[in-house]
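Below is one structure, written out as structure tokens; the observations come after it.
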């Protein structure tokens, strides 16, 4: 069962592991990156249908990663995650094309539902 490809980008190993398990159970093919360089490399290699991207990552932050991903693939779908209620960063991410944001700590069922809705739209577009 292939419901789509998801790239998980977060510097926290535990969050990547949790999201990886949840998305694999839902039938998604997953890739994980702990920083911007790896995220961009994986995005170029695997063309994910969706990127779940933490906004606060040491080094290249989520905003810069989002900008560069949109340069690689303007149609790439991105959900940003943030533990910080930084409305400026959330607004900037949405201006750059992020579909929505999820606040940490997140409700895993709510996140899975959001991902499913976004990717079911993507599958319909391919038909």
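Numbering (UniProt numbering), first residue to last: 1 to 127.
All C-beta atoms in this analysis are idealised placements derived from N, C-alpha and C, irrespective of residue type, glycine included.
Taking the C-alpha atoms as reference points, what is the distance between residue i and residue j?
{"i": "residue 21", "j": "residue 95", "result": "30 Å"}
{"i": "residue 71", "j": "residue 107", "result": "31 Å"}
{"i": "residue 98", "j": "residue 79", "result": "6 Å"}
{"i": "residue 81", "j": "residue 55", "result": "6 Å"}
{"i": "residue 35", "j": "residue 43", "result": "12 Å"}
Mapping the DSSP letters down to three states, classify residue i as helix, strand or coil.
{"i": "residue 5", "result": "strand"}
{"i": "residue 60", "result": "coil"}
{"i": "residue 29", "result": "strand"}
{"i": "residue 55", "result": "coil"}
Could you please give the first and the last residue of the uninterrupted alpha helix (DSSP H) stretch that includes residue i?
{"i": "residue 89", "result": "87-95"}
{"i": "residue 12", "result": "Residue 12 -> no alpha helix (DSSP H), and no H or E assigned at all."}
On the premise that residue j lies in contact with residue i, defined as a C-beta separation below 8 Å, what is that separation, rounded to the nearest angstrom?
{"i": "residue 9", "j": "residue 33", "result": "5 Å"}
{"i": "residue 57", "j": "residue 28", "result": "Contact flag wrong, Cβ pair sits at about 22 Å."}
Check for me: the beta strand (DSSP E) holding residue i runs from which residue to which?
{"i": "residue 79", "result": "78-82"}
{"i": "residue 103", "result": "100-103"}
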